[in-house]
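For the sequence shown, the numbering used here gives the first residue as 13, with consecutive numbering after it.
Right, one structure below, let's go through it.
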Amino acid sequence: MKKDLIKKYNSKVKLYNYYNKKYFNENYSEIDDSEYDNLKKEIIDLENKHNFLKDKNSPLNKVGFKPSKNFTKVNHKVPMLSLANAFSEQDLLNFEKKITNFLSLKKNFKIYYSVEPKIDGISASLTYKNGIFYKGLSRGDGKEGEDITENLATIKDIPKKILSKNFPEEIDIRGEVFIQNSDFNDLNEKFANPRNAASGSLRQKNPEETKKIPLKFIAYAFGYERGLAVSNQSDFLKNLSEWGFKTNLQNKLISGVKNLIKNYNEIEKQRANLDFDIDGIVYKVNDFSMQSRLGSVANAPRWAIAHKFSSNKGVSQILDIEIQVGRTGALTPVAKIKSINIGGVVVSNATLHNEDEINRKDIRVGDTAVIERAGDVIPHILSVDIKKRLKNSKKFIFPENCPSCGSKTIKEFNKITKKIDAVRRCSSEGYYCDKISIEKLKHFVSKEAFNIDGFGKKIVENFWKLKFIKFPHDIFKLDYTKIEKLEGWGKLSVENLKYSINQKKNISLHRLIYSLGIRHIGLENAKLLSKHFMSFSKFKNLFKQSDFEEMLNIDGIGETQVNSIKSFFSNEANIKVLNELEKVLVVKNAIQNSDDGLLKNKTFLVTGKLNGISRAEIKSLIEENSGKTVSSISKKLNYLIIGDKPTKKKIDNAKQLKINVIDQAEFLKMLNKTS
Ligand code: IVH
C-alpha cells in the first residue's frame, strides 16, 4: 500500500519535473495550464495526506513553477492597508492623543507600541492552509492583489510547510519582500534602486528570472486568520520567528513618545550600516483588542503610524524656475536642475512647493541647491548655498497672474486653520483656464477615474490642441473619422479607442464623482459620497439644494470637503458638464455594502458622556453595523442614546417626537454586547 503510494507519487513528480524542464529550458509546453495545475495539486495533496512522501522536486520545494501568462487578480480576504506618516515628535504626540481620546483612556495610561523598522520593499501576503504555503499575493490596490505565488515560492525565507502545533489552520502572513544592498550592488541588471529590483523581479513572468535575484522576506503582520491564539503584536512577532519566518532584529516594545523618539534617533544612526533600506519606523498599538476597537479610517489603521526618516540628498544647480498650473488651479513652482543621480535615480526636476517656500528660502535661478529625494515623493529643494550665489542673481518674483489664462492669482484664507494658504491659485472658475481644463481632462481619463484604455495624458494634450475636446463629455462625442486621418492613427487604433471609450460609458457613481476632480474629493471621499447619495440624480440635485451641511453627517467628510463641493456646485460650467454627462453615461447606483448589519436602517444620536467609550468610537461602532449617526434631533432619528449629564432639551425633544430613548447598556444589547 505504502509502496504503491510512493510509486504513484514518484511518477507524478517525475512527470511534473519533465514538464518544468521542457518549459524552462525549451520554452515549450506539452500540456495546457489547467492540466499542469491539476498535476501540481495532486502532488501537493498527496504530500499533505501522507507525511512520508517527500521529494526534492516536489512543487513545495521546487521553485521553478510554471508561471501563468498573466497574473490573475485575487481579492485579499482582509484588505492590505497602508500607513499614515509622522515626521515629527508633534505628529507622534497627536497620534497618541487621538488614540487616548478615541478609546477614552486616562491621560496617564501607558500605551505600548510594537516598534518595527520599516523596510522599503514590496509587501506581500502569503496564505497558509493547514501549514502549507498555498497562495501568495502582491498588495495591488490593497483590496485586490496579483497572484504571484510561483515567484514568491522562489524566496528561501518563505517557509513552504509549517508543522508547528500552534500554527493557525488558515492565515495570511504579511511582510516585506526586499533585496539586500550588497546583493543589489552585485546585480548586473539595471534597476534604479533595490526597491525597484525587488518589485521588478517579483513581477517576472518566469519564476526562474525571479530566482536569479536573491530576494529576502521579513514578516510583520497578518490578514485573515482562523485559529490564531495571540492577543498582541509582540507575541505575534515571537510566534512568527518560532514558525520559521524571519523577523526584524530591531523590533521592540516601547511606551511613551519620548522613548519612541530615542529609539528613532538610535536606529537612524545605524541606518547607513544596515544592509537593507529602511525608510522609517512603524509604531503599532501592541494590544489587539485595542487595535480592533480603534479600527481604521479610509485605508489606514488608527492604531499604527510610520515615522519616516529624512532621505537621500544631492547638490546641483538650478537652471530655471517654471510655474506649473494644476487641476485645482494651484501654481506650483518647479526647479529645473542640472541632472544628478540621487540614490540611484536621475533627478532633473525638483518641486519648490509654493511661493512662500521660495521666499522663505530665497531660492533663485542659478543657485546651487541641496535636493532631497524621499521614497516615492517628488524631489524637493532643501536649501540653497548663498556663498555660491552668482553675482548677477535676482530675487524670484512669483507671477501675479496665471501663466496659462492670465487671471489674477489669489491666496485663500483657510477658515479652519485661520491662516492664509501658502499656495497661490489661479482664480478662474470652471473650464476658463486652459491649463486647469487640460489637467481636469487628464484626471477624468486617469486610472482611478474613467480609466479609458489607450487614452493617456499625451492624447489628452493632443486632442486638446486640435480642439477635439474641451469638456469631459466631449470625450464621448469624438468625431472618429477626424481622428482616423491624424498621423499615427489607423482604422484599428481608432476602433480600439472607440471601443474603450464606449465601454466606459457604464460607470459606477463613485468613479464618476471622483472623476469630476472636485478639490479635496479623492477616491475615498468619492466612495463615501456615493454611498450617501446612492444615485447620480440625487448627487446632481445638490445644485438645487441649500443644505450642504447635511453632508457633515457622513463619517470622513468635513467642512473642507463640504465647502469644496458647495463651490463646485455654485459654478454653472460644472452643472453643464454634469447635465451633459448624464446624457451620455449610464451611471450605476451605489451598492450599500454590508447593509445587513444589526443596526440596518437605524439612526442614532448620543447625548451626554458614555462610560469607557468615546464619541468617535461609538460612531464607528454604529457605522460598522450599518447604522447611521445624525447630528440633531429630527423625525429621521430612531434612537437617542443617553449618557452621563445629557442635554435635557434633547431628551424632551426626542420624547415629543416619540423617539426611542435608550441608555448605553440598551444600546450595547442591540449589538449583542455587554459593557
Ligand atoms: S504594517 C495596517 N509593518 O509599509 C498595517 N508595514 O505604508 C500596514 N512596511 O505596505 C502594514 N515594514 O509595505 C507594517 N513592520 C511593518 C512594515 C510595514 C514595512 C510597509 C508595507 C506597507 C507600508 C505601509
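Where a beta carbon is used, it is the ideal one built from N, C-alpha and C, also for glycine.
Burial state of residue i (16 or more Cβ within 10 Å)
{"i": "residue 598", "result": "exposed"}
{"i": "residue 78", "result": "Here the model assigns residue 78 a pLDDT of 38, short of 50, so the residue's position is not dependable and the matter cannot be decided."}
{"i": "residue 136", "result": "buried"}
{"i": "residue 372", "result": "exposed"}
{"i": "residue 81", "result": "With a pLDDT of 42 at residue 81, under the threshold of 50, the predicted position of this residue should be treated as unreliable, though the coordinate-derived value follows. Result: exposed."}
{"i": "residue 582", "result": "exposed"}
{"i": "residue 676", "result": "buried"}
{"i": "residue 244", "result": "buried"}
{"i": "residue 398", "result": "exposed"}
{"i": "residue 669", "result": "exposed"}
{"i": "residue 586", "result": "buried"}
{"i": "residue 171", "result": "buried"}
{"i": "residue 14", "result": "exposed"}
Residue i: first and last residue of the uninterrupted alpha helix (DSSP H) it sits in
{"i": "residue 269", "result": "269–282"}
{"i": "residue 548", "result": "548–552"}
{"i": "residue 212", "result": "206–214"}
{"i": "residue 526", "result": "521–527"}
{"i": "residue 540", "result": "535–545"}
{"i": "residue 111", "result": "101–114"}
{"i": "residue 392", "result": "Run containing residue 392: none in the alpha helix (DSSP H); it sits in the beta strand (DSSP E), 392–396."}
{"i": "residue 448", "result": "446–457"}
{"i": "residue 475", "result": "469–477"}
{"i": "residue 287", "result": "Counting along the chain, residue 287 falls outside any alpha helix (DSSP H), and DSSP gives it neither H nor E."}
Distance cut-off 7 Å: residue i Cβ against heavy atoms of ligand 1
{"i": "residue 317", "result": "no"}
{"i": "residue 416", "result": "no"}
{"i": "residue 232", "result": "yes"}
{"i": "residue 131", "result": "yes"}
{"i": "residue 401", "result": "no"}
{"i": "residue 294", "result": "yes"}
{"i": "residue 135", "result": "yes"}
{"i": "residue 211", "result": "no"}
{"i": "residue 95", "result": "yes"}
{"i": "residue 156", "result": "no"}
{"i": "residue 128", "result": "yes"}
{"i": "residue 188", "result": "yes"}
{"i": "residue 345", "result": "no"}
{"i": "residue 151", "result": "yes"}
{"i": "residue 313", "result": "yes"}
Boundaries of the beta strand (DSSP E) in which residue i is found, first to last residue
{"i": "residue 319", "result": "316–320"}
{"i": "residue 326", "result": "324–337"}
{"i": "residue 424", "result": "421–426"}
{"i": "residue 511", "result": "Looking at the DSSP string, residue 511 is not in any beta strand (DSSP E); the run it does join, the alpha helix (DSSP H), is 503–515."}
{"i": "residue 437", "result": "431–438"}
{"i": "residue 380", "result": "380–385"}
{"i": "residue 358", "result": "357–363"}
{"i": "residue 346", "result": "343–354"}
{"i": "residue 237", "result": "227–238"}
{"i": "residue 129", "result": "124–131"}
{"i": "residue 644", "result": "From DSSP, residue 644 is part of no beta strand (DSSP E); its letter is neither H nor E."}
Distance between beta carbons of residue j and residue i, contact taken as under 8 Å
{"i": "residue 290", "j": "residue 184", "result": "Between residue 184 and residue 290 the Cβ distance is about 23 Å, and since that is not below 8 Å, they are no contact."}
{"i": "residue 632", "j": "residue 609", "result": "Contact doesn't hold; Cβ gap of about 12 Å is too wide."}
{"i": "residue 524", "j": "residue 548", "result": "7 Å"}
{"i": "residue 440", "j": "residue 422", "result": "That belief does not hold up - the Cβ atoms of residue 440 and residue 422 are roughly 10 Å apart, past 8 Å."}
{"i": "residue 297", "j": "residue 123", "result": "6 Å"}
{"i": "residue 128", "j": "residue 232", "result": "6 Å"}
{"i": "residue 209", "j": "residue 199", "result": "6 Å"}
{"i": "residue 317", "j": "residue 107", "result": "5 Å"}
Any C-beta of chain C under 8 Å from that of residue i
{"i": "residue 224", "result": "No chain C is present in this structure, which holds just one protein chain."}
At least 3 beta-carbon pairs within less than 8 Å: the stretch 416–423 vs the stretch 486–501: no
Count the C-beta pairs between the stretch 613–626 and the stretch 648–658 that are closer than 8 Å, then say yes if the count reaches three, no if not. yes
Cβ contact (3+ pairs, closer than 8 Å) linking the stretch 533–548 and the stretch 495–515: no
Does the stretch 572–581 come into contact with the stretch 623–639, if we say contact requires no fewer than three beta-carbon pairs (one atom in each stretch) closer than 8 Å? no
Assess, as a yes-or-no matter, whether the stretch 19–33 is touched by the stretch 51–60 under the definition of 3 or more beta carbon pairs within less than 8 Å. yes
Determine contact between the stretch 266–286 and the stretch 136–153, defined as no fewer than three beta-carbon pairs at a distance below 8 Å. no
At least three beta-carbon pairs within less than 8 Å, the stretch 250–265 to the stretch 307–317: no
Please determine if the stretch 348–367 and the stretch 316–330 are in contact, where contact requires at least 3 C-beta pairs separated by less than 8 Å. yes
Could you check whether the stretch 216–231 touches the stretch 166–183, counting it as contact only if at least three pairs of C-beta atoms, one from each stretch, sit closer than 8 Å? Taking 8 Å as the limit for Cβ pairs, the verdict is that the stretch 166–183 does touch the stretch 216–231.
Quick check: the stretch 151–161 against the stretch 98–106, are there 3 or more CB pairs under 8 Å? no
Tell me, please, whether the stretch 236–251 touches the stretch 214–222 by the rule of three or more beta-carbon pairs shorter than 8 Å. no
Does the stretch 451–468 come within contact of the stretch 337–347, defined as at least 3 CB pairs closer than 8 Å? yes
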